[in-house]
Structure formats: C-alpha cells, structure tokens
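Only one structure is covered here, and it is reproduced in the block below.
2 protein chains.
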Amino acid sequence: MKPKITLKDIANELSVSISTVSKALKNSDEISKDTKDKIKAFAKFYNYRPNNIALSLKNKRTKNIGVIIPDIVHHFFTTVFRGIEKYANEKGYNVIVCISDESIEKEVINMEMLANGSIDGFILSLSAETQLKNEYTHLKELLDQGIPIVLFDRVTSEIECDKVVLNDNEIAREAVEHFISTGSKNIALVTTEKYFNVSESRRYGYLDALKAHNIKIEENLILTLPHDMENDSLITEFFQHNKVDAVLCVNEIFAIQCMSIIQELGFNVPNDISIIGFTDGILSRFSVPRLTTVAQHGELMGERAAKLLIDRMEWVDEVEEPFKTEVINATLIKRGSSIN
Amino acid sequence: MKPKITLKDIANELSVSISTVSKALKNSDEISKDTKDKIKAFAKFYNYRPNNIALSLKNKRTKNIGVIIPDIVHHFFTTVFRGIEKYANEKGYNVIVCISDESIEKEVINMEMLANGSIDGFILSLSAETQLKNEYTHLKELLDQGIPIVLFDRVTSEIECDKVVLNDNEIAREAVEHFISTGSKNIALVTTEKYFNVSESRRYGYLDALKAHNIKIEENLILTLPHDMENDSLITEFFQHNKVDAVLCVNEIFAIQCMSIIQELGFNVPNDISIIGFTDGILSRFSVPRLTTVAQHGELMGERAAKLLIDRMEWVDEVEEPFKTEVINATLIKRGSSIN
DNA sequence: TGTCAACACGAAAACGTTTTCGCAAATAAA
DNA sequence: TTTATTTGCGAAAACGTTTTCGTGTTGACA
C-alpha cells in the first residue's frame with residue numbers, strides 16, 4: 001500500500017517549498033538545473049501525478065463532459081456515445097454518462113447533479129417525456145449559468161444551442177422515392193408518437209415524397225405504435241387490413257417486427273412487400289433477408305457533437321461564436337428487403 | 001447569464017462569515033434561527049448548490065466510479081453498463097466510462113488518467129490484449145494505491161479483488177446436455193481464441209458434458225474463430241466438412257452467423273442442426289427461428305459489480321472485508337433454434 | 001567598496017468547501 | 001455584583017494545485 005504522493009510530500013522530503021516543486025516539475029527556468037533534476041528524479045521515482053480534482057478546482061474546468069441519453073441499449077445511442085467518447089478522449093476529456101430512461105425527472109436530476117462543478121458541458125438527446133411535455137427550463141437554466149450544451153438527434157427549436165441532427169426529412173423522402181421508383185404504390189409508414197421531432201420529420205419526408213409523385217395520402221397507411229410496448233397484434237392487424245406493397249419504419253425494431261410478421265402472414269419480402277428501416281444495426285445486418293436501412297452514422301454524429309462542445313468550451317476569442325446546427329447526411333443502404 | 005453562487009457570495013451579501021453560511025445551510029444549531037432563516041432563504045432564492053469539486057477535494061472522495069469496458073457496441077457490455085449506472089445512480093454515484101477498444105494501452109492510459117483523483121474506484125472487464133499478454137501491473141499498482149477494483153466477466157486469477165462472473169462452465173455444460181438429451185450426438189463448439197477466460201470456461205463445460213455422457217471428443221468439431229474478423233468462409237467450410245447436429249456458440253454473433261450459413265447450406269434449424277448461443281440480445285430475440293440462448297443477465301451483473309465496489313468504498317468497519325467473487329447464474333432460454 | 005541585475009527560491013493567495021477552536025456577548029446562577 | 005454557562009458567530013486550517021510577488025544571495029561592474 002503506497003498512497004498517492006503530493007507536491008507537499010516531495011517538498012518535505014527534499015526540504016524545498018511547494019512552489020519550487022511545482023515550478024521544477026513544469027520545467028520553469030526560475031529553478032536551477034540541479035534542483036530541477038533532483039525534484040524530477042524524485043517525482044518520477046515515486047510516480048507523482050498531479051491531482052485532477054485540485055487542478056479542476058484551481059482551473060475552474062474539469063475536463064469532463066456530461067452525456068445524457070435516453071437509453072443506452074438502443075444501437076443508435078450506443079454508437080453516438082462511442083463517437084463522443086472517442087473524440088473526447090483524444091482531446092483529453094472524460095465522459096460521464098447518465099441515462100434518463102426517457103424520463104424528464106431523471107434528466108433534470110442528473111443534469112443538476114453534474115452541473116454543480118462535475119462537468120464543463122453537456123451533450124444530450126432529449127428524453128421522450130421531455131419532448132412530450134415540451135418542458136425545457138432545466139436546459140435554459142444551465143445555459144444561463146454559462147454551461148454549454150449540445151443537443152443531438154432529439155432536439156428542439158425552443159433551445160438555442162449547438163445541435164447535431166440527421167437530415168431525417170430528406171432521407172425519409174429518399175427512401176420513399178426508392179420505393180416509388182421500384183414500382184410501389186401503396187406505401188405505408190410505421191412510426192412513433194408525433195412528439196418525437198425525428199419521427200415528425202420522417203413523417204413529413206414520407207408525405208412530401210408521396211405528394212411530389214402525386215400519390216394519394218391515405219391516413220390509414222400510417223401506423224403509429226406506442227413507445228416501447230408489445231405491439232405485434234397491432235402490426236398484424238395493420239397488414240391484414242391494408243393493401244401495402246412497401247413500408248418505411250422509423251426504427252430498426254419496428255422494421256424487424258414488421259418483416260417477421262409480414263413473412264408469417266405469408267408475404268414475400270421484398271417481392272410482395274418491401275421494407276426499409278432506420279438505424280443500421282446488427283439486426284438489419286443479420287436478418288433474412290438483410291434489411292435495407294437508413295444508416296444514421298451515429299459515431300460521426302457523436303464526434304461532431306463532441307467537437308462542437310469542446311470547441312465552444314475552449315473558445316478564447318473575444319467574439320462569441322453563433323450557435324451552429326450541423327446536419328449529418330444519412331445514407332440509404334440497399335439490401336435484400338427492398339427491390340433494387 | 002447568472003453564474004453559480006458560492007458560500008462566499010452569500011456571506012458577503014449577508015455580511016456574515018463563510019463558516020456561518022456553511023453551518024446555517026447544514027442546519028447547525030450553533031446558528032440562531034433568525035440567521036439560519038435569512039441565509040436559507042437567500043440560498044434558495046439564488047439556487048445555491050455546493051460545488052462538487054470543492055467537496056471532492058475536501059472529502060477526498062469524488063462519488064465517481066470509473067468503468068472500463070472493451071467495447072460498448074456489444075449488447076452484453078451495454079447491459080452490464082446499464083446495471084452499473086442504475087445502481088450507482090441510486091447510491092448517488094456518477095459513472096465515468098472509458099472504452100479500451102480491446103487494447104491494453106488504452107486500458108492503461110484511461111485508468112491512470114482517472115486514477116489521479118477523478119474516481120473512487122473502478123469496475124472493469126479486461127481487454128482482449130490484456131488477457132492475451134497476461135499483463136496486469138497497471139491493476140496491481142492501482143490496488144496498491146488503495147483504489148478498489150471490481151472485475152467482471154473477463155477476469156483473471158492473477159489479481160486479488162472483488163469479481164463478478166458467470167457460471168460459464170456449468171451453463172455451457174447445461175447447454176450441451178440439452179443437446180444430448182434431445183438426441184444430438186455430433187456436437188460442435190464455435191469459440192474464440194482461448195486466452196479469453198470466458199471462452200475457456202465454456203470450452204471446459206462443453207468438454208465435461210461430452211465426457212460425462214461418454215461422447216468421444218473430436219477436436220475438429222471445435223471451431224476457433226479469430227476475434228472480430230470476417231469469418232463466413234471459415235464457418236461455411238466447417239459445416240460442409242463436418243457432420244454436425246448441434247452447435248454451441250460462445251456469443252450471439254457467432255450463433256446468428258452460423259444459423260444463417262447453416263440455412264443457406266440447406267439444413268433445417270433445429271431439425272438438422274440445433275443451435276445455442278450466448279447473450280440474449282435483440283439478435284436472438286428477432287431471428288427466425290428465434291435463438292435458444294444463454295441469458296447472461298448483464299444488468300444484474302452490473303448491479304452486483306457496482307454494489308461490491310460501493311460497499312467496499314464505503315466500508316468503515318475496523319476489519320477489512322475479504323475479497324468476494326460473485327457468481328451469476330446464467331439461464332438457458334429455450335427457443336426455436338433447438339429441439340425442446 | 002558600493003550599486004545593480006540576475007538568479008534561485010519561498011510566502012501567500014486563490015479555487016470552494018467543512019470543521020475545529022476560540023471568543024465575545026448574553027444569560028443564568030450564586 | 002460577581003462568576004459560570006450558554007449562545008452565536010468568526011478565524012483559520014485543511015484538501016492539492018498554480019501563480020504572482022517578494023526577497024535574500026551572488027556576481028559583475030563602476
């Protein structure tokens with residue numbers, strides 16, 4: 001058991017002052033070569049490392065980033081987190097993660113907890129409940145305190161800060177046009193409640209594409225599934241009662257569930273019904289047939305978010321940078337679940 | 001922009017000393033009711049919250065836990081992390097995550113970074129390279145410094161600390177016996193390089209089961225796949241050249257890959273070949289047929305690891321607790337990929 | 001020999017807390 | 001009225017750094 005050594009310990013052992021030790025280790029030329037060598041050797045031998053907490057207190061910066069995500073078991077958030085962690089680590093930052101579990105209360109508690117000095121800035125994706133209640137005072141207060149925030153994916157226009165989003169509208173439109181160009185007419189959308197900004201955008205993209213191609217919009221071809229519930233029966237009913245030859249799903253799970261049920265109902269994918277999902281996760285890559293899907297480039301998104309945040313935190317110029325919204329271009333990955 | 005308020009600010013505004021403010025807010029009865037009320041009201045109005053960093057420095061504890069995992073995109077680690085975060089948060093701890101990317105160098109760097117005061121203890125699963133090189137001095141040094149460590153899943157007997165593991169051997173044995181009891185004779189194992197302790201245990205479980213039932217062990221029925229590489233051709237070749245009626249895979253990806261290739265080769269799952277995998281992730285739940293699999297209860301594992309760590313960190317008794325190894329009992333979840 | 005600069009180092013403040021101890025004033029007891 | 005006790009509060013140290021400023025010693029130069 002050899003506990004951590006401090007500047008004071010070194011100073012005492014070598015009968016010099018703490019200031020001298022500190023300067024010597026920073027190679028200050030205020031200190032003679034002899035003394036420096038002696039101190040450095042001692043420090044090295046005892047494996048001295050400055051205490052991060054003391055540094056944080058002194059410098060008023062922790063080199064920690066707080067990340068709040070609704071759920072980590074979802075592939076998309078996991079990859080975004082990966083990107084954040086990667087970029088942050090390269091830049092010497094650590095990442096403290098809290099999971100809001102789609103609850104605004106947890107989001108608030110976690111953010112307040114971390115905001116009291118533990119982190120220098122936040123990266124977050126809004127919880128479902130936060131979006132539903134449209135309640136952002138916790139974010140506003142933190143921004144007011146001068147704590148920078150970067151929102152990604154689930155964002156809101158109510159808050160002025162840096163953001164990273166997907167071109168959801170355009171890519172949904174592209175997906176639907178892919179259906180149209182391969183001959184589909186009765187195109188369905190399987191989506192979540194509309195308080196999710198991303199689902200809304202994808203819905204608009206879907207509608208826009210139909211309009212642009214003069215296809216009549218049938219409201220009953222839009223299936224809204226409750227969030228995180230058992231919904232096999234809803235899906236089954238939907239495909240039994242509607243004539244559909246293509247379906248766009250706003251996430252991977254919905255897509256796989258649809259495919260599985262469609263196949264059980266005796267239809268062929270993609271010949272009878274084509275499917276496109278969102279999120280290029282393992283489900284999409286290993287299903288039979290493999291799923292045509294929208295790659296959201298989560299890792300890139302995470303890196304960008306981290307870069308935006310760190311740039312702002314380390315900003316030194318006199319003029320404050322205006323807030324940016326970066327758009328990540330999704331890619332449609334064509335595989336076996338659609339006709340190509 | 002209203003920056004964070006400190007004890008000093010309150011003291012100045014109210015013309016009392018910092019000590020008085022501190023005591024008043026802690027409801028000390030050294031302070032008169034009048035003064036306390038005044039101070040509390042002021043603090044509440046300005047939303048005073050003590051600075052975590054200052055507290056950490058004072059108390060010599062950060063209430064942060066460092067978690068080092070080889071990879072977060074893998075479902076198992078994600079769920080373990082989930083469990084850690086959940087339990088830690090309940091107990092008022094935050095979680096700093098670093099991803100070692102299966103590299104010992106990153107593992108070392110990250111741990112040293114965090115060990116300089118940022119965290120009170122570690123929870124980690126060893127990187128592949130660390131297990132391969134059998135190099136644990138970084139862990140030993142941290143333990144020497146009095147920093148508690150809990151290892152989970154990928155552990156080593158070289159290090160004395162608290163651990164949480166799966167009963168890999170027994171559950172592998174149970175899986176193989178399930179094959180045997182349903183009539184399989186030629187049982188294959190698809191595994192990873194043997195420096196992974198978990199793969200080794202599962203291999204022993206496999207071998208034990210065969211021995212116990214007087215089934216001859218055929219070394220060529222054991223397929224060792226390189227870590228994280230494209231290995232479809234190896235798998236194809238394996239099933240073309242060997243007569244197999246059941247296969248145990250040490251992870252979910254291998255199991256899905258095998259199932260996909262087996263089906264492509266024209267075999268029926270489970271009638272021609274049964275499959276059991278490890279990790280009850282979404283792949284297993286959404287494949288066709290659904291995969292019989294070993295549920296590792298990652299979330300529980302994470303909770304247990306966090307509990308072990310926090311108990312040790314908050315340990316106050318005079319006698320030091322001996323190190324514990326908790327064993328999580330895996331569960332065989334029987335689904336369509338095996339005969340039941 | 002006296003003056004000045006350069007050199008090498010130390011004292012102290014600061015970051016924001018908590019906590020021990022001391023001390024004056026107010027009250028109670030003698 | 002004197003003494004003892006309580007009450008209410010402040011000063012200061014401590015946690016581990018960094019950094020500014022001050023200061024004693026040395027050597028060079030006039």
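Listed in order, the protein sequences are those of chains A and B.
Here UniProt numbering is used: position 186 in the first sequence is 186, and no number is missing along the way.
Here UniProt numbering is used: position 209 in the second sequence is 209, and no number is missing along the way.
Even for Gly, the Cβ is constructed at its ideal location relative to N, Cα and C.
DSSP bridge partner residues for Ile162 of chain A (one or two, in chain order): Just to set this straight, residue 162 of chain A is Asp in the shown sequence, not Ile. Asp162 of chain A is bridged to A:Val150.
For Ile310 of chain A and Arg335 of chain A, the rounded distance between their alpha carbons: 37 Å
Runs of beta strand (DSSP E) lying entirely within the stretch 76-140 of chain B, each at least 3 residues, in chain order: 94-99, 121-124
Buried versus exposed call for Asn110 of chain B [16 or more other C-beta atoms within 10 Å across all chains shown]: buried
Minimum Cβ-Cβ distance from Glu85 of chain B to chain A less than 9 Å: yes
Cβ shell of Ser118 of chain A (< 8 Å), same chain only, five flanking positions each side left out: Thr62, Asn64, Gly66, Ile96
Cβ-Cβ distance between Leu126 of chain A and Phe179 of chain A below 9 Å: no
Strand pairing of Thr293 of chain B, partner residues [DSSP]: B:Gly277, B:Ile333
Proximity test, Cβ basis, 9 Å: Ser260 of chain A and chain B: yes
Rounded separation between Asp208 of chain B and Glu170 of chain B - CA only: 9 Å
Contact test: Val95 of chain B Cβ vs the ligand SAH heavy atom, cutoff 8 Å: With respect to the ligand SAH, the structure offers nothing, as it holds no ligand at all.
Three-state secondary structure assigned by DSSP to Val244 of chain B: coil
Residue of A:Ile68, A:Met259, A:His75 minimising C-alpha distance to Ala295 of chain A: A:His75
Glu237 of chain A (DSSP reduced to helix, strand or coil): helix
Met1 of chain B at chain A interface by Cβ criterion, 9 Å: yes
Test item: CB-CB of Glu177 of chain B and His213 of chain B under 9 Å: yes
is_contact[Ile256 of chain A, chain B] using C-beta, thresh 9 Å: yes
Phe254 of chain A and Gly277 of chain A closer than 9 Å at C-beta: yes
Chain B contacts from the stretch 272-292 of chain A (Cβ-Cβ distance under 9 Å): Gly281, Ile282, Leu283, Phe286, Ser287, Val288
Proximity winner among B:Ala24, B:Arg154, B:Asp9, relative to Val165 of chain B (alpha-carbon distances): B:Arg154
Helix, strand or coil at Glu326 of chain A according to DSSP, with G and I counted as helix: strand
Between the CA atoms of Met301 of chain B and Lys163 of chain B - distance to the nearest angstrom: 10 Å
Secondary structure, beta strand (DSSP E): runs of 3+ residues fully inside the stretch 155-234 of chain A: 162-166, 187-192, 222-225
Test item: CB-CB of Lys8 of chain B and Leu25 of chain B under 9 Å: no
Whether Asn116 of chain B touches Ala188 of chain B by CB criterion (9 Å): no
Whole-angstrom distance between Leu55 of chain B and Ala54 of chain A, CA atom to CA atom: 11 Å
C-alpha gap between Asn12 of chain B and Glu112 of chain A, whole angstroms: 25 Å
Chain B residues whose Cβ lies nearer than 8 Å to that of Gln145 of chain A: Met1, Lys2, Pro3, Lys4
6 Å Cβ shell around Phe122 of chain A - same chain, five flanking residues per side excluded: Gly66, Ile149
From A:Glu135, A:Asn89, A:Ile84, A:Tyr93, residue whose alpha carbon lies closest to that of Glu107 of chain A: A:Glu135
Length of the line joining the Cα atoms of Lys44 of chain A and Glu102 of chain A: 47 Å
Neighbour-count burial assignment, Ile10 of chain B, 16 or more Cβ in a 10 Å radius: buried
Close beta carbons around Ala175 of chain A, own chain, < 7 Å, minus the five adjacent residues each side: Leu248, Ile276, Val294, Leu332
Limits of the alpha helix (DSSP H) - the one that Ile282 of chain B falls within: 282-286
Outcome for Thr325 of chain B when other beta-carbon atoms lying within 10 angstroms are tallied against a minimum of 16: exposed
Counterpart residues of Gly66 of chain A in DSSP-defined beta bridges: A:Ile96, A:Phe122
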